[in-house]
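Enquirer: Below are the C-alpha cells for one structure; questions will follow.
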C-alpha cells in the first residue's frame, strides 16, 4: 500500500501496553506504509498507520514502562503536532473490573465509558482536596465525549441488541491472520472472584493456594449466550493501580464505577475520545496477568466495530474540529468547556446480557 499524506489521517487509537498495541494492529482492515516525512520536532512517538472502516487511523502506544495520565496526554499532544487533522480518538486497553449485584462484570468483558447522570463517562477518582476531619473531596468534572461519538455508540448498542456483537468473530480472525497470537490472546478457563476482604497470600504467585471458601458464587452465563458482555457506564481513572477489594467496593458504592484504568483522565477533558476497556482483573490483591491478552483483544475487537459506525466528517467540519482539539497540559487551554450533563437516553448503565 502506497504511503498517504499526514492530513489523510483523522482518527487516533491510543494504548498503553505492547500487548494492547499488538491487538490494535491486528484489528486493522488495512495497514499502511510508514510516512516518508519526518516527524514534528516535538514528536517522539512511534506510529502504526492503517484503515478501520472509513477512517484512516494513527495508532500510538505510551513509552515502555511509562504509564499514567501525564504520559497519555504527552503522547496525544505530540501526535496532534504531527497529524493536525485528527478529529477524534479511542483510548483502548485493559482495566480492572468492579463487579456488583447490579453489574455482572466478568473477566474478558468490555466496559465503555459513557455518560451517567451529571458525569461524562470518566471520573478522576484521585483528584480533589482533603477537607475537615481528613475527608477526601473530589473536585471538578471531566467532559463527556462529543455527540457524534455518543451517537455512534448508541447505534452500535442498538445493532448489538438486534444481532449480537462480533467480538469473538474478530478475535478468531485475528488469530487466523496472526497464528502466533493464539497463545497469549486465548481465553483462559479460570475466572475467580474472591470476597473483597480476603487478601491474596503475599508469598504466593498464583491463586492455587487461596481459600476456595472465600470465592463468590456466580451463576454461569446460560448456554448460547455471548461469552463477552458489553457494559456502558462510568470508568474510574487515576495514576495509581487499585489492588484492594475493599477500596474497589468503596469507590463503587460512592461513584457506581464499572472499572479502573490509569490513562483516560489525561485525555478526556480536552481531546474528543471514547474509552474502551477489556476487563483483565477485579482490581483486588488477586490481580495477575492471566487475562491481560484476551482482555486486550476483546477491547480492540469492540473498538473495531465502533470505528465502522463512526461517520466521517466533511472538510468544513474537519477544519472546525481541528480548531478545538487540544490536549491538556500546563500551557494548553481546554477545548470543550465542562458542562452539566443530562442522562443519555440510549446509554443505560447496563450490559447487553
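In UniProt numbering, the protein residues as written are 1 to 353.
Just so you know, even glycine gets a beta-carbon here, dropped at the ideal spot from N, CA and C.
Computed from a prediction, not measured in an experiment: that's the story for all the values here.
Return the CA-CA distance between residue 291 and residue 106, expressed in angstroms with no decimal places.
Expert: When rounded, the distance between both Cα atoms is 11 Å.
Enquirer: Taking 8 Å as the threshold, find out whether the stretch 239 to 259 comes into contact with the stretch 171 to 179 through three or more Cβ pairs.
Expert: In short, these stretches do not touch, since the Cβ pair count stays below three.
Enquirer: Would you report the Cα separation of residue 154 and residue 209, rounded to the nearest angstrom?
Expert: The straight-line gap from Cα to Cα measures roughly 44 Å.
Enquirer: Tell me whether the stretch 268 to 283 and the stretch 142 to 158 touch, counting them as touching only if at least three CB pairs, one residue from each stretch, are closer than 8 Å.
Expert: Yes, the stretch 268 to 283 touches the stretch 142 to 158.
Enquirer: Relative to the ligand SAH, is the shortest distance from any of its heavy atoms to the C-beta of residue 187 smaller than 6 Å?
Expert: In terms of ligand content, the structure shown is empty, and the ligand SAH therefore cannot be addressed.
Enquirer: Buried or exposed, going by whether 16 or more other CB atoms sit within 10 Å of the CB of residue 116?
Expert: Classification for residue 116: buried.
Enquirer: Cα separation between residue 316 and residue 167?
Expert: Low local confidence applies: a pLDDT of 47 at residue 316 is under 50, so the model's placement there is unreliable, and no value is given.
Enquirer: Quick one: give me the first and last residue of the alpha helix (DSSP H) that residue 213 is part of.
Expert: First-last for residue 213: undefined, no H or E at that position.
Enquirer: Run through DSSP, which three-state label would residue 48 get?
Expert: Strand, per DSSP.
Enquirer: Are three or more beta carbon pairs between the stretch 86 to 102 and the stretch 33 to 53 nearer than 8 Å?
Expert: In short, these stretches do not touch, since the Cβ pair count stays below three.
Enquirer: Say whether the stretch 4 to 13 touches the stretch 51 to 63, bearing in mind that this needs 3 or more beta-carbon pairs closer than 8 Å, one atom from each stretch.
Expert: Yes: the two stretches touch, three or more of their Cβ pairs being nearer than 8 Å.
Enquirer: Terminal residues of the continuous beta strand (DSSP E) containing residue 55?
Expert: Looking at the DSSP string, the run of the beta strand (DSSP E) that includes residue 55 is 55 to 61.
Enquirer: Which term fits residue 41, buried or exposed, when burial requires 16 or more other beta carbons within 10 angstroms of its beta carbon?
Expert: Flag for residue 41 reads exposed.
Enquirer: Helix, strand or coil: which one does DSSP assign to residue 116?
Expert: Of the three classes helix, strand and coil, the one that applies to residue 116 here is strand, per DSSP.
Enquirer: Where does residue 299 fall in DSSP's three states?
Expert: Reduced to three states, the DSSP call for residue 299 is helix.
Enquirer: Expressed to the nearest angstrom, what Euclidean distance is found between the alpha-carbon atoms of residue 133 and residue 254?
Expert: Here residue 133 scores only 49 on pLDDT, less than 50, and its place in the model is too uncertain to base an answer on.
Enquirer: Assuming the contact rule is C-beta atoms closer than 8 Å, residue 207 and residue 231 should be a hit. Round their C-beta distance to whole Å, please.
Expert: Incorrect: roughly 24 Å between the Cβ atoms, too far for contact.
Enquirer: Confirm, please, whether the CB-CB distance from residue 75 to residue 234 is below 7 Å.
Expert: No, the Cβ-Cβ distance between residue 234 and residue 75 is not below 7 Å.
Enquirer: Quick one: what does DSSP say residue 331 is sitting in, helix, strand or coil?
Expert: No answer about residue 331 holds up, because its pLDDT of 39 lies below 50 and its placement is not dependable.
Enquirer: By alpha-carbon positions, which one of 266, 211, 212 and 200 ends up nearest to residue 282?
Expert: It is 200 whose Cα lies nearest to the Cα of residue 282.
Enquirer: When DSSP builds the beta bridges, which residues end up paired with residue 235?
Expert: Beta-bridge pairing links residue 235 to 122 and 259.
Enquirer: Just reading off the alpha helix (DSSP H) that residue 148 is part of, what are its end residues?
Expert: 147 to 163 is the extent of the alpha helix (DSSP H) around residue 148.
Enquirer: Going by C-alpha distance, which of 240, 241, 280 and 34 is nearest residue 4?
Expert: Of 240, 241, 280 and 34, the residue nearest in Cα terms is 34.
Enquirer: From which residue to which residue does the alpha helix (DSSP H) around residue 76 run?
Expert: Taken as a continuous stretch (DSSP letters only), the alpha helix (DSSP H) holding residue 76 covers 69 to 82.
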